[in-house]
Amino acid sequence: MTKASAETKVTMYRTMLEAKLFEERVGSLMMSGQLETFYLAQRGQEASSAALGACLRRTDSLVTTYRGLADQVAKGVQVEAILAELWGKETGICKGRGGAMHYMDWAVRTYATGVVGGGLPVALGLAFAEQYRHTDGVAACVFGDGATNQGTFHESMNFAAIFRLPLVFLCQNNLYGEATPIAKSTPIERISQRAVAYGIPGVTVDGNDPEASYEVISHAVDRARAGEGPTLIEANTFRLMGHFIGDPMVYMPSGEVEHHRAMDPVPIYREKLIDDGVMKELDAAQYEQEIVLRLDEAVTAAREAPYPGIDTLNDYVYKADMTMDKESV
Amino acid sequence: MTSADVGTRIINLKDAITEAMFEEMERDDRVFLLGEDISDPFGGVYQVTLGASTKFGEHRVLETPISESAIIGCASGAALAGLRPIAEIMIIDFLGVCMDQLANQAAKMHFMSGGQVSVPMVVRVTAGAGGGFGAQHSSSLEAWICHVPGLKVVFPSTPADAKGLMLSAIRDDNPVVFIENIHLYWQRGECPTGDHIIPFGVAAVRREGSDCTIVAWGRVTLEASAAAEQLAKEGVDVELIDPRTLVPLDLECILKSVRKTGRLVVVHEAVERGGFGGEIAALVQSQAWESLKGPVIRVTAANMPVPYSKPLEAAMIPRIEDIISAVHSAMER
Chain P
790 MTKASAETKV TMYRTMLEAK LFEERVGSLM MSGQLETFYL AQRGQEASSA
840 ALGACLRRTD SLVTTYRGLA DQVAKGVQVE AILAELWGKE TGICKGRGGA
890 MHYMDWAVRT YATGVVGGGL PVALGLAFAE QYRHTDGVAA CVFGDGATNQ
940 GTFHESMNFA AIFRLPLVFL CQNNLYGEAT PIAKSTPIER ISQRAVAYGI
990 PGVTVDGNDP EASYEVISHA VDRARAGEGP TLIEANTFRL MGHFIGDPMV
1040 YMPSGEVEHH RAMDPVPIYR EKLIDDGVMK ELDAAQYEQE IVLRLDEAVT
1090 AAREAPYPGI DTLNDYVYKA DMTMDKESV
Chain Z
8 MTSADVGTRI INLKDAITEA MFEEMERDDR VFLLGEDISD PFGGVYQVTL
58 GASTKFGEHR VLETPISESA IIGCASGAAL AGLRPIAEIM IIDFLGVCMD
108 QLANQAAKMH FMSGGQVSVP MVVRVTAGAG GGFGAQHSSS LEAWICHVPG
158 LKVVFPSTPA DAKGLMLSAI RDDNPVVFIE NIHLYWQRGE CPTGDHIIPF
208 GVAAVRREGS DCTIVAWGRV TLEASAAAEQ LAKEGVDVEL IDPRTLVPLD
258 LECILKSVRK TGRLVVVHEA VERGGFGGEI AALVQSQAWE SLKGPVIRVT
308 AANMPVPYSK PLEAAMIPRI EDIISAVHSA MER
């Protein structure tokens, strides 16, 4: 087990803060009518995402979901490019073709899907490619508790196990699958128990504790790099903004969100790092100011950027070069 | 076709597919196979991959659990990472099991990413009735995948075409579904050796004629060919076209033919409703209306699942007499 260095701790905090401030900004842009989109916030779940990002190399792959902003930021995707994508602009990371639920940045090897459980099989292939090429690269796949009831979860766990793929399965258990609480959908106590069925290690961790998450995730990543196969990690957490921004959360008992908001991992970690002498109050304030400024500029840039031209409507349906169509051959 | 190797010999369609895959695996280290039961000594349910694991090693021939979504997902992810997988889904009916991975993930990755990534993968599937396997193992579902923008759909009916199109499928950077009709596996024909490439979107005119165009693909190319011969004896001169690839479609070849003959009969083994014959009919009617002497006629399976009982199964597939009858109708105008 590797413990996070001081430098890593601060990096994780800054990632968590960037994700938090980004999503709060998206929320306020939507509520004020400036940005129209369907947005599923990872707000509240940043700690294990930041820890995962700190454990992965730029060249490792990360598959996430429609609730993956913190994962993507942790992997190195730039907020400017994401914001422009949410606005559907040509300058967006996917030129407005992917949008809130399916944006990706291949320069840092991220992929996201809007289909619950749909990313796990893809992660198999990304991990397999590392094994095929005899590298020590790994793939990680982030998904929620809801996805663990999807057939693809079970297929993927089994497949990864039988081939000892270098894959880290990170389940962020936020206690809800869309509008259904976990007790109504899942008959077992811990998602990590499911690992037993596939003969791989399963571990539960406090997903709101970035340092505990870092230890567990780095161990899984090390195992994968060493050819020891996949691990299932269950990171317990909570989604503070409901299923989507604007969700009235009618299906959640009153007081539940407030209860979890009081345990918001971002301000708690800020306090811890300052108390532990790892980060100075002044630096924490500076990080916040820098991010706020960056977001201000990103909003302006995204607003002013052009939409994709209608003359490009049919682009990217097929890859046009390296095709065997008669016009090209 | 390159001048490097112009030999030719008679082989069967399934061996032509095997040859193409093996040649490409030798040429390009990134190509690998994955699917159920594909390793030696079994070598795949129709033995199309027989010999692969012995020749190339288990490293490049991944025999998977029965997990269609995992197979297609693994192929997609590997393709994203720059490998060139050839995934086998045993029977086209099983696409229902993995359709999200194929239609929502693989087909859309290039698009949703704004062109950042490509998915150079091939999905091989068997299709077709006649084996007595019944409704869940005998369908012809090319229409399902033709309807997914982002996928290419290849459906060869001769050994030479199977080889040339498989080489192209592997080299194309897009996801290609390669359909293999089981009735055609043992069809024999001349097949070039070596690097024989057939581009996509190029139909084959099997027979030139001036009275009526027949477009047919897959298994029913046999029935259509037999029908054309019989019609010739009556003095009806059929032009027979095999599109070979449905997406992209060589519409220009079909239009040129219809402008000459004025009549079109489309034949496919798939059921009539929503079949790709309707797509071709609509395209031709919109672009060659003035040339048409009458409506486009479709000869297809009835809208039903494939029955198990042999006489029922045989009755369901378009027969030579059904095609002749359709051409006779077309010739009335």
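Taken in sequence, the protein lines are chains P and Z. Under the numbering used here, the residues of the first sequence are numbered 790 to 1118, in order. Under the numbering used here, the residues of the second sequence are numbered 8 to 340, in order. Glycine residues also receive a C-beta, built at the ideal position from the N, C-alpha and C atoms. None of the values given here were measured: they were computed from a predicted structure.
Would residue i pass as a contact of residue j if the rule is Cβ separation under 8 Å?
{"i": "PRO166(Z)", "j": "ILE45(Z)", "result": "no"}
{"i": "ALA1024(P)", "j": "LEU959(P)", "result": "yes"}
{"i": "ALA82(Z)", "j": "VAL68(Z)", "result": "no"}
{"i": "ALA901(P)", "j": "VAL957(P)", "result": "no"}
{"i": "PRO127(Z)", "j": "ASP180(Z)", "result": "yes"}
{"i": "GLU815(P)", "j": "ARG847(P)", "result": "Here residue 815(P) is Val; the residue named in the question, Glu, does not match the sequence. Not in contact: VAL815(P) and ARG847(P) (Cβ atoms no closer than 8 Å)."}
{"i": "ALA863(P)", "j": "TYR1003(P)", "result": "no"}
{"i": "PRO325(Z)", "j": "GLU276(Z)", "result": "yes"}
{"i": "ILE79(Z)", "j": "ALA233(Z)", "result": "no"}
{"i": "ALA88(Z)", "j": "LEU915(P)", "result": "yes"}
{"i": "ASP249(Z)", "j": "SER147(Z)", "result": "no"}
{"i": "THR25(Z)", "j": "VAL55(Z)", "result": "yes"}
Is residue i helix, strand or coil by DSSP?
{"i": "SER1117(P)", "result": "coil"}
{"i": "GLY341(Z)", "result": "Within the shown structure, residues of chain Z are numbered from 8 to 340, placing residue 341(Z) beyond reach of any answer."}
{"i": "TYR900(P)", "result": "strand"}
{"i": "PHE283(Z)", "result": "helix"}
{"i": "ASP100(Z)", "result": "helix"}
{"i": "CYS105(Z)", "result": "helix"}
{"i": "LYS159(Z)", "result": "strand"}
{"i": "GLY196(Z)", "result": "strand"}
{"i": "VAL1081(P)", "result": "helix"}
{"i": "ASN19(Z)", "result": "strand"}
{"i": "THR1101(P)", "result": "helix"}
{"i": "GLN823(P)", "result": "coil"}
{"i": "ILE327(Z)", "result": "helix"}
{"i": "PHE118(Z)", "result": "helix"}
{"i": "PRO92(Z)", "result": "strand"}
{"i": "LYS884(P)", "result": "coil"}
{"i": "GLY52(Z)", "result": "First, the residue type needs correcting, since residue 52(Z) is Val and not Gly in the sequence shown. DSSP places VAL52(Z) in coil when its eight states are reduced to three."}
{"i": "SER945(P)", "result": "helix"}
{"i": "LEU40(Z)", "result": "strand"}
{"i": "SER850(P)", "result": "strand"}
With a threshold of 8 Å between beta carbons, is residue i in contact with chain Z?
{"i": "LEU1102(P)", "result": "no"}
{"i": "ILE951(P)", "result": "yes"}
{"i": "TYR987(P)", "result": "no"}
{"i": "MET1041(P)", "result": "no"}
{"i": "VAL992(P)", "result": "no"}
{"i": "TRP787(P)", "result": "Given a span of 790 to 1118 for chain P in the structure shown, any question on residue 787(P) remains unanswerable."}
{"i": "LYS1108(P)", "result": "yes"}
{"i": "GLY1035(P)", "result": "no"}
{"i": "ASP1114(P)", "result": "yes"}
{"i": "GLU944(P)", "result": "yes"}
Compare the C-beta of residue i with all C-beta atoms of chain P and state if any pair is closer than 8 Å.
{"i": "PRO255(Z)", "result": "yes"}
{"i": "SER264(Z)", "result": "no"}
{"i": "GLN143(Z)", "result": "no"}
{"i": "ILE152(Z)", "result": "no"}
{"i": "SER120(Z)", "result": "yes"}
{"i": "VAL209(Z)", "result": "yes"}
{"i": "LEU102(Z)", "result": "no"}
{"i": "ILE39(Z)", "result": "Per the sequence presented here, residue 39(Z) reads as Phe, with Ile not at that position. PHE39(Z) counts as touching chain P."}
{"i": "ASP180(Z)", "result": "yes"}
{"i": "SER10(Z)", "result": "Residue placement at SER10(Z) is flagged as unreliable, the pLDDT there being 49, under the threshold of 50; the coordinate-derived value follows with that caveat. So, not an interface residue."}
{"i": "ASP107(Z)", "result": "yes"}
{"i": "HIS117(Z)", "result": "yes"}
Can you have a look at residue i and say buried or exposed, based on whether 16 or more other CB atoms are within 10 angstroms of its CB?
{"i": "MET8(Z)", "result": "Confidence at MET8(Z) is low in this model, with a pLDDT of 47, below 50, so the placement of that residue should be treated as unreliable; the coordinate-derived value is given next. Exposed is the call here."}
{"i": "GLN861(P)", "result": "buried"}
{"i": "SER10(Z)", "result": "Any reading at SER10(Z) needs caution, since the residue's pLDDT is 49, under 50, leaving its predicted position unreliable; the model's value is listed next. With fewer than 16 Cβ atoms within 10 Å of its Cβ, SER10(Z) is classed as exposed."}
{"i": "THR941(P)", "result": "buried"}
{"i": "LYS884(P)", "result": "buried"}
{"i": "MET97(Z)", "result": "buried"}
{"i": "TRP151(Z)", "result": "buried"}
{"i": "ILE1099(P)", "result": "exposed"}
{"i": "ASP1065(P)", "result": "exposed"}
Check whether the region 180-189 of chain Z and the region 124-135 of chain Z are in contact - that is, three or more C-beta pairs closer than 8 Å.
The answer is yes - the region 124-135 of chain Z touches the region 180-189 of chain Z, with three or more Cβ pairs under 8 Å.
Does the region 925-939 of chain P touch the region 885-897 of chain P, meaning 3 or more C-beta pairs lie closer than 8 Å?
no
Looking at C-beta atoms only, is the number of pairs between the region 74-93 of chain Z and the region 901-917 of chain P that lie closer than 8 Å three or more?
yes
The region 144-155 of chain Z in contact with the region 1089-1098 of chain P per 3-pair CB rule at 8 Å
no
Segment contact, 8 Å Cβ cut-off, at least three pairs: the region 209-219 of chain Z with the region 234-248 of chain Z
yes
At a cut of 8 Å, does the region 833-846 of chain P reach the region 801-809 of chain P through at least three beta carbon pairs?
The region 833-846 of chain P vs the region 801-809 of chain P: in contact.
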